[in-house]
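Shown next, in structure tokens, is the structure this report addresses.
Protein chains: 2
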Amino acid sequence: MTGASEWAPPPQMKWWGWGDPERRVPLPNRALALIRDELGPAEPSQVVDLEQVAMPQPRPVGSEVIDAVNPASVLTSHDHRLRRAAGRGYPDLVRLRAGRLDAAPDAVVLPGSAERVARLLEVCSRQGIAVVPFGGGTSVVGGVEPISGRHAAVIALDTRRIRGIEIDRRSMTATFGAGLRAPDAEAALQAEGLTVGHFPQSFEYATIGGFAATRSVGQASSGYGRFDELTAAVRLVAPAGELQTLEASHTAAGPSLRELIVGSEGALGVITDVTVRARAAPKHRRYEGWMASNFAAGADVARELAQRDALPDIVRVSDEDETRLSLALSGSGGPSRALGGAYLALRRRRGGSLVVVGWEGEREAVERRRSAAGIVLRSAGCAALGTGPGRAWARSRFEAPYLRDELIDRGYLVETLETAHTWSRLDELYGGVRSAIAGSLQHLGTPPIVMCHVSHVYRDGASLYFTFIAKRRPNEELEQWAAAKRAAGRAILAAGGTITHHHAVGRDHAPYMAAEVGPLGIEILRALKERLDPAGVMNPGKLLPAE
Amino acid sequence: MTGASEWAPPPQMKWWGWGDPERRVPLPNRALALIRDELGPAEPSQVVDLEQVAMPQPRPVGSEVIDAVNPASVLTSHDHRLRRAAGRGYPDLVRLRAGRLDAAPDAVVLPGSAERVARLLEVCSRQGIAVVPFGGGTSVVGGVEPISGRHAAVIALDTRRIRGIEIDRRSMTATFGAGLRAPDAEAALQAEGLTVGHFPQSFEYATIGGFAATRSVGQASSGYGRFDELTAAVRLVAPAGELQTLEASHTAAGPSLRELIVGSEGALGVITDVTVRARAAPKHRRYEGWMASNFAAGADVARELAQRDALPDIVRVSDEDETRLSLALSGSGGPSRALGGAYLALRRRRGGSLVVVGWEGEREAVERRRSAAGIVLRSAGCAALGTGPGRAWARSRFEAPYLRDELIDRGYLVETLETAHTWSRLDELYGGVRSAIAGSLQHLGTPPIVMCHVSHVYRDGASLYFTFIAKRRPNEELEQWAAAKRAAGRAILAAGGTITHHHAVGRDHAPYMAAEVGPLGIEILRALKERLDPAGVMNPGKLLPAE
């Protein structure tokens, strides 16, 4: 059971990496040894001092912008600009740590209401100032990159002051201001015995508006639904006006405008309010581990669970390489003897695919569903590992980006990317992307460890989430990253998968959008943008490919 | 358990009403007596002979249209035109029976492939010929009305020859040609042990493309999902080109283009193929009845079922008036002694709200879920009526439109309309719409019976489905209908509900769209239409309000 304090947001994120500046998640020696052993020692990476970070001089944004909000809501200090100059993908971290930022917002603006946003967008459209909506700043695809495009200046529109909370207990919905951080939203719901159940890895810092703008998907998506499914209504303030979708549980009145705004990534306007669907907060949680003989068998059991209506709320199936590293990572003390045993067994036999499953809700329902899933897991030949691996997963569910900082410190490239497909083409997608990443980095002389897990499971398919680690190429980090990313993107397209299951498009995936949605799809999105943002000031360079 | 033959489509629909021309669903004497008793005797309505139906002379559509398909695929006979001249709403039936059609398609065109559709739309766009996509012709909102708009002619594009079937057993998906009738699609899936589980009242005649184009919702939506949720991918052929959405279980790549095409009602292009999500066909079904003390209590138990994760696959809660008439309707012979008893009990005490609940699946799961729902129903004070009312509902689940013909024969207006809202505003919506319909018909001297049920239940709200019956006003049927429909529409808007939960917009709801989606919403839809259908030939007068 969670206490209210569990959902209190941590302090301002460290400027050069992920999360609470006071918190370190130490990398277990065993894991580091494994990585050094396989990739060889790397040259550690330093972080420059905050004051040394070079950014372009701020261009003046003019008094009209200030009038649109108020003087105290326009910030131009080095620190304020720097903190909205990048997201949290690997290339962002490389540039921040090196203190070389080619772009930064000329000003940070913090409007306190949808009305202020409307006024601001009117001014920016008229004056040709690009606007980058900024929530938690957790994008890993360049979604908050301060690109001016053809405009004379660019501002970061930080939503943090738009943080209303209105709960409709009877309908189990809540309308949140877009800038509310996820832990604050959860804490407010929890006081009413409710939860949204949306816990992506970015949970601690992400905002409600960011979830909607990027089609976020949480770790317990099988149980609670994706954020698009949890979004009952949205309010968009666009340069061309305001759109509030109807909150009516469902409507068949034409194409879904809500589904147009969800996923619009700030390129059509600013999402200022989101009505979410909540449910009763779970009284009981149970997470546990199983071991499948290999990834193919593990993925197949996820399929069986989904297609036999026995899907746990959380399902995560790691491939052999991720299993190996996960076991090494979780071996660092704590109550993980079961896992330690599994690790030892695994070392002896090589291979094996760790399956973490979890259930949340009333104790009886959890036990019943657990038993139903157990039947499927056992008949597929999976071995039960008990709650150790489940607890380890739960403890560390938001820690991966902290560990990334540790690895980058030690000189390694660490990046993640994800895709999805139907079951009948998932193997092909897995094989294609894995070899592409491995091949591209091998080619550069830095052969990687490529790991993958299935973590969002549907009756018709699943997502694949890749993590890859390689020795960094000093001073060529960005080129090295781009080569791997490009190879992966091409492999995804070749296998017919989606370029993103839940990280969104941002800047990094924009070049793949034409392949994803087709030329007419691009025309449709451009028509929407032209209508909603005629001056083209909204989040330039994101979502849509360059014309 | 269903046999394959259960899903065989019935023959061509009778031209003046609903369903199999050879089939009549007799109106029980008790029900007719009740209606006559409350509304007074009415003047029976006749049906003219098919040959007597007056339609405008067909305008020539030119050889290019014929070349785009082939000569045998362009039909211009009286019979062919008449059968695509109207949907199946009350005003359609009034006009068909009276033999007075102000509009009819100038030709019926049956392209056999998406490529033929593309060629046809190119010709029609160039020559200014309006195109009305026509699937099962079951629209009750004027969705297939042959409106020429500003164009010189109008064709009905009948999709019946586009009927491919491709099943991906491993992913449990199937790609169907848009013109495939729902029973054919179900039969094909059933041969693989699968089902989509989508059974709206129009099931026997509706097409897969029609389901997608109108955001159809089936009777078992709580269990299987709405058709928008069951749609994995769509292919749209628009005058401006073709769009095939990615089939990848899920994508976060921007606004959902699939959700733009679903619900586009033929106004943006022709949906030619739909990939649906299937699941294992149920082995066991259980439908049963309960009685709540009144509609408020019945609706509240539906909310409890949803919010306590105990929702049956089918939930239908009738208000007192619908309960009364349902019991009278189902009293006609057959194994309904339990219901007969309930009917008698009800006659003694007045009031009472019939709750029909149903579960489908493995026997054990059905029994377990039934028991969980039973606890909620019982603690809410509902009385179990056994399987009688459930079986009666299942037997008659597609019969309401047949009964409508019987009532129209006897001189009564019968119409249905539906809406949805959140739980916290559902009572207000119910009261407002009910009084508005009653008041408007009372004002015309034909006080109605207004009935309502909740039939699609969500954690955050539910749909309301109204049926109203009144003595018709001879020769003023359309005005009488319009008055009631307008009053209901205004009441829905006043309560903030949606103008349609699952009947779609068509011609009848187009005037309410500006209120539903707001002025910017209308602009967005227009921008889409302009981009996809620059000549404005696609289904004029539907979906969007007149400019």
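Protein chains in written order, with my numbering: chain L, 1 to 547; chain P, 1 to 547.
Every residue gets a Cβ at the ideal spot worked out from N, C-alpha and C, and that includes glycine.
Treat the numbers as computed from the prediction; the structure is a model and nothing was measured.
Residues sharing a beta bridge with residue i, DSSP
i	result
L/Tyr287	L/Gly358
P/His453	P/Ser318 and P/Tyr465
L/Gln244	L/Arg235
P/Tyr412	P/Lys471
P/Arg181	P/Thr207
P/His198	DSSP, once it has assigned bridges, lists no residue as partnering P/His198.
P/Ile522	The partner list for P/Ile522 (beta bridge, DSSP) is empty, contrary to what the question assumes.
Short CB-CB distance (under 8 angstroms) between residue i and chain P
i	result
L/Tyr458	yes
L/Arg81	no
L/Glu265	yes
L/His284	no
L/Arg363	no
L/Gly254	yes
L/Gln201	no
L/Gly137	no
L/Glu259	yes
L/Val132	no
L/Ala380	no
L/Glu145	no
L/Thr214	yes
L/Ala280	yes
Cβ of residue i within 8 angstroms of any chain L Cβ
i	result
P/Ser375	According to the sequence shown, residue 375 of chain P is Ile rather than Ser. Closer than 8 angstroms: no.
P/Met513	yes
P/Ile499	yes
P/Ala338	Low confidence applies here, because P/Ala338 scores a pLDDT of 46, under 50, leaving its location unreliable; read the following figure in that light. With 8 angstroms as the cut-off, P/Ala338 does not count as an interface residue toward chain L.
P/His502	yes
P/Leu120	no
P/His443	no
P/Thr251	yes
P/Gly333	Because P/Gly333 carries a pLDDT of 42, less than 50, the predicted location of this residue cannot be relied on, and the following value inherits that uncertainty. It does not; no Cβ of chain L falls within 8 angstroms.
Local Cβ density within 10 Å of residue i, reported as buried at 16 or more and exposed below that
i	result
P/Pro551	Residue 551 of chain P cannot be examined here, being either before or after the span of chain P that is shown, 1 to 547.
P/Trp16	buried
L/His250	buried
L/His503	buried
P/Arg88	buried
L/Gln219	buried
L/Ala71	Residue identity check: residue 71 of chain L is Pro in the sequence provided, not Ala. L/Pro71 is exposed by the Cβ-count criterion.
L/Ser63	exposed
L/Pro26	exposed
P/Lys529	buried
Residue i CB to nearest heavy atom of the ligand PLP below 7 angstroms
i	result
L/Arg59	Judged by which ligands are present, the structure shown has none, so any question about the ligand PLP falls away.
DSSP-derived helix/strand/coil call for residue i
i	result
L/Cys124	helix
P/Ile35	helix
L/Ala280	strand
L/Gly209	helix
P/Ile147	coil
P/Ala383	strand
P/Pro335	For P/Pro335, the pLDDT reaches just 38, beneath the cut-off of 50, and the residue's location in the model is therefore unreliable, leaving the point undetermined.
L/Met538	strand
P/Pro133	strand
L/Thr214	helix
L/Thr138	coil
Could you name the residues of the stretch 237 to 248 of chain P whose beta carbon sits closer than 9 angstroms to any beta carbon of chain L, in the order they occur along the chain? Within the stretch 237 to 248 of chain P, the residues whose Cβ lies closer than 9 angstroms to some Cβ of chain L are Ala238, Ala240, Gly241, Glu242, Leu243, Gln244, Thr245, Leu246, Glu247 and Ala248, listed in chain order.
Please name the residues in the stretch 155 to 171 of chain L whose beta-carbon is closer than 9 angstroms to at least one beta-carbon of chain P, in chain order. Asp168, Arg169, Arg170 and Ser171
Got a sec: which bits of the stretch 520 to 537 of chain P sit with their beta carbon under 9 angstroms from any beta carbon on chain L, in order along the chain? Leu520, Gly521, Glu523, Ile524, Leu525, Arg526, Ala527, Leu528, Glu530, Arg531 and Leu532
For the stretch 410 to 433 of chain P, which residues have a beta carbon sitting closer than 7 angstroms to at least one beta carbon of chain L? Ala420, His421, Thr422, Trp423 and Ser424
Select from the stretch 451 to 482 of chain L all residues with a C-beta closer than 8 angstroms to any C-beta belonging to chain P, and list them in chain order. His456, Tyr458, Arg459, Asp460, Gly461, Ala462 and Ser463
Positions along the stretch 184 to 199 of chain P whose CB lies within less than 7 angstroms of some CB in chain L: Residues passing the 7 angstroms Cβ filter: none.
Please list the residues of the stretch 483 to 496 of chain P that have a C-beta atom closer than 8 angstroms to any C-beta atom in chain L, keeping them in chain order. Gly496
Contacting positions in the stretch 47 to 59 of chain L - beta carbon closer than 8 angstroms to chain P: When C-beta distances to chain P are compared with 8 angstroms, every residue of the stretch 47 to 59 of chain L stays at or above that value.
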